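Numbering (this note's numbering), first residue to last: -17 to 152.
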């Protein structure tokens, strides 16, 4: 059976904690933070992302726009035609530690949570006349508000597609 076409997503936010494992076509391997890689492009690149059963993703995009200074960002020696990257996509809410069903992204710090869980924290803290702090470990954002939250449709679709693949393969 043919696999569905890959979904086009935006590059990770500047606050993403994922590191990409860059594998060149000749077998070389590098680790790089996504923002360093995407900063090398003169404009935001498009890329395709596919997820396997374990949440491991494969990303393909052309390197036409990469700047020559690859040594500084850790991508020296990467093939010119295409980069294949892998990263572990985290579908788990940092509050509930369960897979998210309705993920929302914090516009201020870029972290993602299950909507019901973060709204519950915000409302609980506000009833106590206190500010809600981002629950992601290490985040310094101390005043999370409902107005800071936006639906993360790309992540929701990625989770749904991931779950369809798992159920389809069983």
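All residues carry an ideal CB built from backbone N, CA and C; glycine is no exception. Every value quoted in this text rests on a predicted model; they were computed, and no experiment measured them.
So, do the region 69 to 84 and the region 97 to 110 have three or more beta carbon pairs nearer to each other than 8 Å?
yes
The beta strand (DSSP E) spanning residue 177 covers which residue range?
In the structure displayed, the chain extends from -17 to 152; residue 177 sits before or after that span and is not available.
Residue 132 - containing beta strand (DSSP E), residue span:
131 to 133
For residue 72 and residue 131, believed in contact at Cβ under 8 Å, the rounded distance
Residue 131 to residue 72, Cβ: 18 Å. No contact.
Taking the DSSP output, what are the residues bridged to residue 81?
74
Hey, how far is the Cα of residue 79 from the Cα of residue 119?
13 Å
So, are the CB atoms of residue 126 and residue 138 less than 8 Å apart?
no
Per-residue DSSP class, three states only, for residue 87
strand
Within 10 angstroms of the Cβ of residue 94, are there 16 or more other Cβ atoms? Answer buried if so, exposed if not.
buried
Residues bridged to residue 114 by DSSP?
126
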